[in-house]
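Residue numbers for the sequence shown follow this note's numbering, so the first one is 2 and each next one is one higher. Backbone N, C-alpha and C fix where the C-beta goes; we use that ideal spot for every residue, glycine too. Everything numeric in this text was worked out from a predicted model, so none of it was measured.
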Amino acid sequence: MTDMWHEERLYIDGELVDAEGGKVYDNVNPANEEVIGVSADASGDDLRRAIAAAKRAFYESDWTTNVELRARCLRQLHEAIQKHHDDFVEMTIAEVGAPRMLMSGPQLDAPLAYLPFYADLAERYEWTVDLGRAETMAGPAHRWVEKEPAGVVAAITPWNYPNQINLAKTAPALAAGCTVVLKPAPDTPWTGLALGRLAAEYTDIPAGVLNVVTSSDKAIGEILSTSPDVDMVSFTGSTATGRRIMAAGAETIKRVFLELGGKSAHIVLDDVEDMGSAVGAAAFGVCTHGGQGCATSTRLLVPRSRYEEGVEAAAALIGMLPYGDPQEPGNMTGPIVNRPQLEKIDGMVQRAKEQGARCVVGGGIATQFEKGFWFQPTLLADVTNDMEIARDEIFGPVLVVIPYEDDDDAVRIANDSIFGLSGGVTGADRERALGVARRIRTGTMSLNGGLWYGADVPFGGYKQSGIGREMGVAGFEEYLEQKAIAEAVS
Ligand code: NAD
């Protein structure tokens, strides 16, 4: 057990409370399998109490109409997290296994910016749009549109970048005037519960506006997607769970925002001068945080004319990549979150080898660590796009290299996927590379190493990578309804 600052109680209706019957479950550090502490293990009734509190707060507090209060509370929460910044760093390393190196980026500091970003946006947003006067069938009318919060939002989040995803949902939903039930993944409860504690201790957020409920039962989220009192489910996780949420929500015509899996392709064009830097983003990207990122490019597409050069350059980079203890600031990659995930990755890699993939680097569970869940950074060559390893999301540090014939073939292979989340193109001729990027059906693209990630940039997927956009203005408007009003005038 650690003495690190944390919160293990649920946050329901403005109170930090134990789960029903005082039930708790272990929070395990994936780097060494140590139990760092416990977390409240909510029952279905706990979750239903949170939904009821969020509904009451939506209808009975002035949260939905008081923009000034909302902006103030988001800034208070931002300040509170900053006060506890180092505590969040330690919790995130311990329960996620995320490398310390990533704390100044997407694991913590970058998402913190969402709170002031959405506070500012709520203050300057055009809540009413005047459509002017029109001659209607019922006579002259003045028409306008008022933007209103969508209602009670269930935010269901995964374990891979918990601060990023908890805040990318909670901040815009609260700024829009919604009330929220946040259900973090079972593997990463503390980073979520800490938000509840800070909301209680440091902010004027009214009781019931924000609720945080953790449970060891991952399917408890089903209560959120079926409840008639939840207006919207905002979900990030696997495409399989996204499908279940959509189906479960159909009965109540639930509004769903889904940020799902990916199998993104990075295309290297045949005119690149320096192959090392052309494959660099994909090689480093796939090894960042053990490849446990939905927007990671996991397929590297290299022209057949320069295939071996591309494989060698990627192998050199992946082979020298520092990985190990996430506490060490030099490591880019730590452990995999839990044993089932580790075994899933290993199963996919071993099946790929049986199907003819050539293992150039890594290729199995790392054995130099006594404890924890570790997979070797891996490069597989001679992969064809019909193999499972090229089609299914792996969520591990595994890059596959696929040869292509010409630009059309590269575009065809990149788009031959049920997913459409992200990707990249590298090429010496900018117009040609941009033309290829525009033909890829994904929500984000990197051109010659550009990074699209930021509070103001909409992020989300085409095809089975999701519905809707997170972050940016679009990620705020997901949480709004539009009411058109017409007033008879003379
Ligand atoms: P998951 O999709 O099973 O879980 C994500 C969240 O959904 C968790 O909070 C979980 O408790 C909840 N959940 C699970 N079943 C639910 C249900 N029926 N109704 C409502 N909520 C439910 O993901 P996971 O088990 O954490 O990881 C499995 C796979 O998901 C990974 O291998 C990876 O491919 C993928 N994944 C994708 C992302 C992403 O950002 N796209 C993030 C994490 C994991």
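- Of the candidates V97, A155 and R57, V97 places its Cα closest to the Cα of N164.
- Three or more beta-carbon pairs separated by less than 8 Å link the segment 420-438 to the segment 257-276, which places the two stretches in contact.
- Scanning the segment 257-331 for uninterrupted beta strand (DSSP E) segments of 3 residues or longer gives 265-269 and 298-304, listed from N- to C-terminal end.
- Annotated three-state conformation of F420 is coil, per DSSP.
- Per DSSP, P150 lies in no alpha helix (DSSP H); the unbroken beta strand (DSSP E) holding it starts and ends at G140 to P150.
- Annotated three-state conformation of A32 is coil, per DSSP.
- Residue environment for Q108: buried (at least 16 other C-beta atoms within 10 angstroms of its C-beta).
- For the beta strand (DSSP E) assignment, the uninterrupted runs of no fewer than 3 residues enclosed by the segment 185-215 are, from N- to C-terminal side, 211-213.
- In this structure the segment 328-335 does not touch the segment 125-139; the number of beta carbon pairs closer than 8 Å is below three.
- For M233, the enclosing beta strand (DSSP E) starts and ends at M233 to T237.
- C-alpha of Q465 to C-alpha of T240: approximately 7 Å in a straight line.
- Following the DSSP letters along the chain, one finds Y12 inside the beta strand (DSSP E) bounded by residues L11 to I13.
- Rounded to whole angstroms, the gap between the alpha carbons of Q328 and E406 is 43 Å.
- Residue pairing for D27: DSSP places it in a beta bridge opposite V39.
- For G197, the closest alpha carbon among the candidates R101, T171, S217 and A176 is that of T171.
- A contact between stretches requires three or more CB pairs, one per stretch, nearer than 8 Å, and the segment 114-134 fails this requirement with the segment 353-364.
- For I486, the enclosing beta strand (DSSP E) has its first and last residue at L481 to A489.
- Taken through DSSP and simplified to helix, strand or coil, C360 comes out as strand.
- Cβ atoms of A114 and A456 come within 8 Å of each other, at about 5 Å.
- Remark: C-beta atoms of E149 and E355 do not approach each other more closely than 8 Å.
- E394 has its Cβ nearer than 7 Å to a heavy atom of the ligand NAD.
- In this structure the segment 203-216 lies against the segment 184-191, because at least three pairs of beta carbons, one per stretch, are closer than 8 Å.
- The distance from the Cβ of D46 to that of E8 is about 21 Å, inconsistent with a contact at the 8 Å cut-off.
- One thing to note: V287 has its Cβ no nearer than 8 Å to the Cβ of A314.
- V350 and I390 have their C-alpha atoms spaced approximately 7 Å apart.
- Residue burial annotation: V490 is exposed, with fewer than 16 other C-beta atoms found within 10 angstroms of its C-beta.
- The beta carbon of A282 is closer than 8 Å to those of H267, S298, G425, T427, S447 and G450 in its chain, skipping five residues each way along the sequence.
- Look at G450: its beta carbon is at least 7 Å from all of the heavy atoms in the ligand NAD.
- About 4 Å separates the beta carbon of T180 from that of A55, a gap short enough to meet the 8 Å contact definition.
- F376 carries a strand assignment under DSSP once its states are collapsed to helix, strand and coil.
- In this structure, the CA atom of N161 is about 51 Å from the CA atom of A142.
- Q377 counts as buried, since at least 16 other C-beta atoms from the protein chains shown sit within 10 angstroms of its C-beta.
- As a beta-bridge residue in DSSP terms, D131 pairs with W145.
- Distances between the C-beta of A220 and the heavy atoms of the ligand NAD include at least one below 7 Å.
- Every candidate beta strand (DSSP E) stretch fails here, since none sits fully inside the segment 449-483 while reaching 3 residues.
- Taking a 10 Å sphere around the C-beta of H85, we find 16 or more other C-beta atoms and assign the residue as buried.
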